[in-house]
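Trainee: My structure is below; once you've seen it, I'll send some questions.
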Amino acid sequence: MRESYLQTALNRGIPVIGDIEIFALAKPASSKVIGITGSNGKTTVTSLVGDLLKAAGISAIVGGNIGIPILNTLNQKAPEAYVLELSSYQLERRIH
(Lines of atoms letter the chains of each structure in order from A and count residues from 1; the text may use other names and numbers.)
(Lines give C-alpha, C1' and ligand atoms only; values in the text may rest on other atoms or scores of the structure.)
Protein backbone atom coordinates (compact mmCIF):
# COMPACT_ATOMS: atom_id res chain seq x y z
CA MET A 1 0.00 0.00 0.00
CA ARG A 2 1.50 3.25 -1.12
CA GLU A 3 -1.09 5.57 0.42
CA SER A 4 0.52 7.04 3.54
CA TYR A 5 -2.74 7.36 5.49
CA LEU A 6 -3.41 3.64 5.02
CA GLN A 7 0.11 2.73 6.08
CA THR A 8 -0.24 4.99 9.13
CA ALA A 9 -3.46 3.21 10.11
CA LEU A 10 -1.83 -0.20 9.70
CA ASN A 11 1.19 0.89 11.73
CA ARG A 12 -1.18 1.91 14.54
CA GLY A 13 -2.96 -1.44 14.47
CA ILE A 14 -6.12 -0.05 12.89
CA PRO A 15 -7.73 -2.59 10.54
CA VAL A 16 -8.00 -1.47 6.92
CA ILE A 17 -10.77 -3.27 5.06
CA GLY A 18 -12.35 -2.92 1.64
CA ASP A 19 -15.66 -3.66 0.00
CA ILE A 20 -15.08 -7.43 -0.15
CA GLU A 21 -14.45 -7.57 3.59
CA ILE A 22 -17.52 -5.44 4.37
CA PHE A 23 -19.60 -7.68 2.09
CA ALA A 24 -18.33 -10.83 3.81
CA LEU A 25 -19.30 -9.42 7.20
CA ALA A 26 -22.74 -8.15 6.10
CA LYS A 27 -24.04 -10.81 3.69
CA PRO A 28 -26.85 -13.10 4.80
CA ALA A 29 -25.41 -16.23 6.43
CA SER A 30 -27.74 -18.44 4.39
CA SER A 31 -26.37 -17.22 1.04
CA LYS A 32 -23.43 -19.00 -0.57
CA VAL A 33 -20.67 -17.04 -2.31
CA ILE A 34 -18.96 -18.12 -5.51
CA GLY A 35 -15.92 -15.96 -6.24
CA ILE A 36 -14.37 -15.87 -9.70
CA THR A 37 -10.83 -14.52 -10.07
CA GLY A 38 -7.90 -14.96 -12.44
CA SER A 39 -6.06 -13.30 -15.29
CA ASN A 40 -8.47 -13.92 -18.15
CA GLY A 41 -12.12 -14.87 -18.60
CA LYS A 42 -13.48 -13.66 -15.25
CA THR A 43 -16.42 -11.77 -16.72
CA THR A 44 -17.39 -14.62 -19.04
CA VAL A 45 -17.16 -17.27 -16.32
CA THR A 46 -18.99 -15.10 -13.78
CA SER A 47 -21.86 -14.51 -16.21
CA LEU A 48 -21.97 -18.18 -17.20
CA VAL A 49 -22.07 -19.42 -13.60
CA GLY A 50 -24.84 -16.94 -12.77
CA ASP A 51 -26.86 -18.05 -15.80
CA LEU A 52 -26.33 -21.75 -15.00
CA LEU A 53 -27.52 -21.30 -11.43
CA LYS A 54 -30.60 -19.38 -12.55
CA ALA A 55 -31.36 -22.02 -15.21
CA ALA A 56 -31.17 -24.66 -12.46
CA GLY A 57 -33.75 -22.73 -10.44
CA ILE A 58 -31.24 -21.36 -7.92
CA SER A 59 -31.66 -17.67 -7.12
CA ALA A 60 -28.40 -15.85 -7.81
CA ILE A 61 -27.08 -12.31 -7.94
CA VAL A 62 -24.11 -11.60 -10.21
CA GLY A 63 -21.95 -8.70 -9.10
CA GLY A 64 -18.56 -7.42 -8.07
CA ASN A 65 -16.50 -6.08 -10.96
CA ILE A 66 -19.30 -7.03 -13.35
CA GLY A 67 -22.68 -5.34 -13.23
CA ILE A 68 -23.78 -4.48 -9.72
CA PRO A 69 -21.11 -3.23 -7.27
CA ILE A 70 -20.66 -5.81 -4.53
CA LEU A 71 -22.07 -3.71 -1.69
CA ASN A 72 -25.13 -2.76 -3.73
CA THR A 73 -26.05 -6.44 -3.97
CA LEU A 74 -26.85 -6.32 -0.25
CA ASN A 75 -29.82 -4.00 -0.99
CA GLN A 76 -31.60 -6.77 -2.86
CA LYS A 77 -33.54 -9.78 -1.60
CA ALA A 78 -31.01 -12.33 -0.35
CA PRO A 79 -30.31 -14.95 -3.04
CA GLU A 80 -29.29 -18.54 -2.53
CA ALA A 81 -25.94 -17.61 -4.09
CA TYR A 82 -23.85 -14.57 -4.93
CA VAL A 83 -21.59 -14.96 -7.97
CA LEU A 84 -18.84 -12.37 -7.74
CA GLU A 85 -16.13 -11.30 -10.15
CA LEU A 86 -13.15 -10.39 -7.97
CA SER A 87 -9.79 -8.86 -8.79
CA SER A 88 -6.53 -9.77 -7.09
CA TYR A 89 -6.43 -6.24 -5.67
CA GLN A 90 -9.77 -6.76 -3.94
CA LEU A 91 -8.53 -9.98 -2.36
CA GLU A 92 -5.11 -8.66 -1.36
CA ARG A 93 -5.90 -7.63 2.22
CA ARG A 94 -9.01 -9.74 2.87
CA ILE A 95 -9.26 -11.09 6.43
CA HIS A 96 -12.57 -13.04 6.47
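Using the working numbering, the first residue of the sequence shown is number 39, and each one after it goes up by one. Virtual Cβ for every residue (Gly too), placed ideally from N, Cα, C. Keep in mind the model is a prediction, meaning the values are calculated, not measured.
Nearest to V71 by alpha carbon, out of G79, S125 and F61?
Mentor: Nearest option by C-alpha distance: F61.
Trainee: Using the Cβ count rule (16 or more neighbours within 10 Å means buried), how would you classify I157?
Mentor: Since the first residue of the chain shown is 39 and the last is 134, residue 157 is not available in this structure.
Trainee: Determine the direct distance from the alpha carbon of N103 to that of E123, and round the result to whole angstroms.
Mentor: If I take the Cα positions, the gap works out to 5 Å.
Trainee: Leaving out five residues before and five after A64 in sequence, what residues of the same chain have Cβ atoms less than 6 Å from its Cβ?
Mentor: These residues qualify, in order along the chain: L112.
Trainee: Can you grab the Cα-Cα spacing for the pair L129 / G56, in whole Å?
Mentor: Going by the C-alpha atoms only, they are around 9 Å apart.
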